[in-house]
Every structure is written in structure tokens, then in C-alpha cells.
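Before any comments, here is the structure.
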Amino acid sequence: MTSKDVLERFTTLGALLEGHFRLSSGLHSPQYLQCALVLQHPAEAEALGGALGAELEARLGAVKPTAVLSPALGGLIIGHEVARALGVRAIFAERAEGVLTLRRGFDLTPSDRVVIVEDVLTTGGSTRETMEVAREKGATVVAAGAVINRSGLPSPVDVPFAALAALTPPTYKPDACPLCGQGIPVTKPGSRTA
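Per this note's numbering, the sequence shown starts with residue 0, numbered consecutively.
Here you go:
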């Protein structure tokens, strides 16, 4: 699956949005990738998860992961599908009192080799925060991946990284956003409201 194939799927399914958006990172952008509109289709989720799993396996070489850990909410579906492709368990971290943590009986141990997976990586903040959740449990983070890499960097984290497509639409700090300057209302379509 090529980057072009992935972006065509997003366009066809109406998941590449145009407007004025506040990203989870706090930055503003005229484009937003709403992965949920693609991943709501089981066949699409399975295909993207299988492709991302294959990309991650290629970067891992002989290292065999034991779990995929994703940040809730955006990483849940793709994390599950990547875990299926890798033949490992899928768990997720979620916010409790503003802090990303493992809940619902999920746990990691020092013997775990973890792959971090999410839908879209922009600044890498959520991925790094999820990596820290695993590391606090003593687990080893062996790789990270995303469906879309918006960071503009080929490897935005300190472990092997894979993405199915890269797209780098402009982003702006809120106080320097030309869309705000034009009075265009900003919307927050993602999973994190704060």
C-alpha cells in the first residue's frame, strides 16, 4: 500500500477535511485528517492495520513485540488492527485526571516489548506520552507507528518509526494563525477536547 493509496482512501471517504481546525497538539491547520471516518469501515481498518503491521515488522527485524499500546481515543482501532497483524495483544492508555495511564486492568511488565500505534502523528506529543506510560511500567518500547505522519520528520521519535503516509499541511501557533486573523471560526474535530 503506497502513501498515495492511503491518501486516496482518505479523500474518497471524506476524511481529509478542509477548514480551520485546532489539532490535539494545540496548533491550528487548514486541513484535518479524520481517521475515524476511514477506520469505521472494518475492511479499511484491517487493510491499514495489516499494512502498518508489515511496515513495523520490517523495522523490527528479529525483535518480536509482545503488545501494541495506543493512546485513546484515536489510536484504539488502528492499534487493535496492527496488534492483529503482529499477532500480539492490543491495549490502550487513557486519560485519568488529565494524565495518560493504563486502566481497565491493562498492565505491562519489564518483559514486554511494546509497539506504540496511533492514527495521526503531528508533533509526536501523544506518542511520546504513550511511550512514557510503557517505560514507567518497565516495558521496552521497540517501535512506533501511525497511519499518517504529519510531523514533517521521517523519524519523529527515538525508536524505529513507520507511517503509511506523510502529509504536512501548514500548522500555526494560535497567536500567529492567519485563519484566526481572517475571523474564520476554529473547530476541534478530534478526540481530545482540552
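For each residue, glycine too, the CB sits at the ideal point set by N, CA and C. Since we're looking at a predicted model, the values are computed, not measured.
Item: Among 72, 84, 122 and 87, the one whose alpha carbon lies nearest that of residue 100; Value: 72
Item: In DSSP terms, what residue 70 is bridged to; Value: 92
Item: Beta-carbon gap between residue 64 and residue 37 smaller than 8 Å; Value: no
Item: Burial state of residue 134, where buried means 16 or more other Cβ atoms lie within 10 Å; Value: exposed
Item: Residue range of the unbroken alpha helix (DSSP H) whose run includes residue 132; Value: 124-135
Item: Where the alpha helix (DSSP H) containing residue 6 begins and where it ends; Value: 2-11
Item: Residue span of the alpha helix (DSSP H) that contains residue 112, given as start and end; Value: Note, residue 112: premise wrong, no alpha helix (DSSP H); beta strand (DSSP E) at 112-120.
Item: Those residues which DSSP pairs with residue 154 across a bridge; Value: In the DSSP output, where bridge partners are listed per residue, residue 154 has none listed.
Item: Residue-level contact to chain D via CB, residue 112, 8 Å cutoff; Value: Structure shown: chain D not included; a single protein chain is present.
Item: Inside the region 10-51 only - alpha helix (DSSP H) runs reaching at least 4 residues; Value: 35-38
Item: Meets three-Cβ-pair contact criterion under 8 Å: the region 157-168 and the region 0-12; Value: yes
Item: DSSP state of residue 179 mapped onto helix, strand, coil; Value: helix
Item: Local Cβ density within 10 Å of residue 174, reported as buried at 16 or more and exposed below that; Value: exposed
Item: Whole-number beta carbon distance between residue 121 and residue 24, since they are thought to touch under 8 Å; Value: 5 Å
Item: Euclidean distance between Cα positions of residue 22 and residue 31; Value: 8 Å
Item: Integer Cβ distance of residue 44 from residue 84, believed to fall under 8 Å; Value: Not quite, the Cβ-Cβ distance comes to about 11 Å (not below 8 Å), so this is no contact.
Item: Where the alpha helix (DSSP H) containing residue 78 begins and where it ends; Value: 75-85
Item: Collapsed DSSP secondary structure at residue 57 in the structure displayed; Value: helix
Item: Anticipated Cβ contact below 8 Å, residue 80 with residue 55, distance rounded; Value: Going by Cβ atoms, the distance from residue 80 to residue 55 rounds to 12 Å, so no, they are not a contact pair.
Item: Neighbourhood of residue 62 by C-beta distance below 6 Å, restricted to the same chain and skipping five residues each side; Value: 141
Item: Other residues of its chain near residue 169: CB distance less than 7 Å, five sequence neighbours each side excluded; Value: 28 and 29
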